[in-house]
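Here is the structure we will look at.
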Amino acid sequence: MKIRVHVSLKNGVLDPQGRAIHHALEGLGFSGVNDVRAGRLFELDVDDSVSDDALDDMCRKLLANMVIENYRIEKVAA
Amino acid sequence: MSLRCAVITFPGSNCDRDMAVALEAVSGTPAIRVWHGDATLPERLDFIALPGGFSYGDYLRCGAIASRSPVMRAVIEAAGRGVPVLGVCNGFQVLTESGLLPGALMRNAGITFVCRNARLVVENDSSLFTSAYAKGQHVSIPVAHHDGNYFADDATLDRLEGDGRIAFRYAETINGSVRDIAGILNEKGNVLGMMPHPERAIDLAHGGTDGRALFESALNALASA
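Listed below in structure tokens is the structure:
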């Protein structure tokens, strides 16, 4: 089973990297970009027997830092 | 009485030797070196130090992998029993990632790596680690980090402030840390995490000795306990 875990910063948490990317986009002449938030994508290949609870646990215990980040689990059709 | 101080080394730690030298300089006893893969700590430890560096290449998040290593389970257990734990720089990141301290350390607001002497204000002069300083005292201690931008939600920050758990603040903006926080204590006061490197300021040859009082505070108190 292919799983994608999207990790992003919570609202209200400043994102210096996103801001730098935003400035770089403007420097390249792209206009109309209002904001950039940088995140992370994990692709996991797991056995079908791995439960949703276990996936949730993986995110909370390691893949995301719940102090500053949110996560979203996406199951990808094989 | 000779103190039993341990320094934990993770793959990618690079201030572990400096920390061991500082502990020995102040306590007079060589520090015990502990490898991250050890599931148990040496017995009867008086003090545990988590050094600076770039454990696991800062993969995932700074300190994230190290905080899940076997030895950290033992460190968390020891901290729970009241054993003093000092985390400096990457060691602070390991402490927040492990949940021993609240909040998180994010990329510096200015994006760049900051390596310089930082002026700090001592906010708490009654903790185990800071009793040899005076409240409000300005000290100069080196910082060298890319991810020292402390963040926690307002409720957590208010609690830290109210309980006197902010040990040090930056006297000037260094990395964008919320409320200029440079170092914090846990609820019981036996765990201190800080981004500045006191172990790099214990000898005149370092260009300053303002870090020495931190080790003297803790180790003298422990030796006379």
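Going line by line, the protein sequences match chains P and W. Our numbering puts the first sequence at residues 1 to 78. Our numbering puts the second sequence at residues 1001 to 1225. Glycine included, every Cβ here is placed at the ideal spot set by N, Cα and C.
Asked, Found
"Where the stretch 1059-1081 of chain W meets chain P: residues whose CB sits under 8 Å from a CB there", "Leu1060, Arg1061, Ala1064 and Arg1068"
"Exposure label - W/Pro1198; buried when at least 16 CB within 10 Å", "buried"
"For W/Met1194 and W/Phe1092, believed in contact at Cβ under 8 Å, the rounded distance", "6 Å"
"Status (buried if at least 16 other CB within 10 Å, exposed otherwise) for W/Pro1084", "buried"
"Validate contact between the stretch 48-61 of chain P and the stretch 1003-1019 of chain W using beta carbons, cut 8 Å, 3 pairs", "no"
"Spatial neighbours of W/Leu1003 in its chain, beta-carbon cut-off 7 Å, leaving aside the 5 residues before and after", "Ser1027, Thr1029, Asp1046, Phe1047, Leu1219, Leu1222 and Ala1223"
"Beta-carbon gap between W/Ala1074 and W/Leu1095 smaller than 8 Å", "no"
"Nearest residue (CA-CA) to W/Ile1184, options W/Ala1167, W/Asn1175, W/Cys1089 and W/Ala1171", "W/Ala1167"
"Buried/exposed call for P/Asp15, threshold 16 Cβ in 10 Å", "buried"
"DSSP state of W/Thr1009 mapped onto helix, strand, coil", "strand"
"Endpoints, the alpha helix (DSSP H) within which W/Pro1070 is located", "Pro1070 to Gly1080"
"Outcome for W/Glu1187 when other beta-carbon atoms lying within 10 angstroms are tallied against a minimum of 16", "exposed"
"W/Pro976 in three-state terms, based on DSSP", "Nothing can be reported for residue 976 of chain W, as the shown portion of chain W is limited to 1001 through 1225."
"Distance CB(W/Val1191)-CB(W/Leu1157) smaller than 8 Å", "no"
"Beta-carbon gap between W/Arg1200 and W/His1146 smaller than 8 Å", "no"
"Buried versus exposed, by CB contacts within 10 Å (16 or more), W/Glu1172", "exposed"
"Span of the beta strand (DSSP E) around P/Asn11", "Taken as a continuous stretch (DSSP letters only), P/Asn11 belongs to no beta strand (DSSP E), as it is neither H nor E."
"Cβ-based burial, W/Ala1182 [other Cβ within 10 Å; buried from 16]", "buried"
"Interface residues of chain P facing W/Pro1111 [CB-CB closer than 9 Å]", "The residue you asked about is not Pro; residue 1111 of chain W is Ile in the sequence shown. Result: Pro16, Gln17, Arg19 and Ala20."
"Residue from W/His1206, W/Arg1033, W/Thr1009 and W/Leu1105 whose Cα sits closest to the Cα of W/Val1150", "What sits at residue 1150 of chain W in the sequence shown is Tyr, not Val. The shortest C-alpha separation from W/Tyr1150 is found at W/Leu1105."
"W/Glu1097: contacting residues in chain P (beta-carbon distance under 8 Å)", "Asn65"
"Three CB pairs or more closer than 8 Å across the stretch 37-52 of chain P and the stretch 1124-1138 of chain W", "no"
"is_contact[P/Leu28, chain W] using C-beta, thresh 8 Å", "no"
"Neighbourhood of P/Val36 by C-beta, 6 Å cutoff - its chain only, sequence neighbours within 5 removed", "Gly18, Ile21 and His22"
"Start-end ranges of the alpha helix (DSSP H) lying completely within the stretch 1143-1171 of chain W, minimum 4 residues", "1154-1162"
"Those residues which DSSP pairs with P/His6 across a bridge", "P/Leu41 and P/Arg72"
"Any non-hydrogen atom of the ligand ATP closer than 7 Å to W/Tyr1170 Cβ", "With respect to small molecules bound, the structure shown includes none, and the ligand ATP cannot be examined in it."
"Partner residues on chain P for W/Ser1108, Cβ-Cβ distance less than 8 Å", "Correcting the residue type first, residue 1108 of chain W is Asn in the shown sequence and not Ser. Correct list: Pro16."
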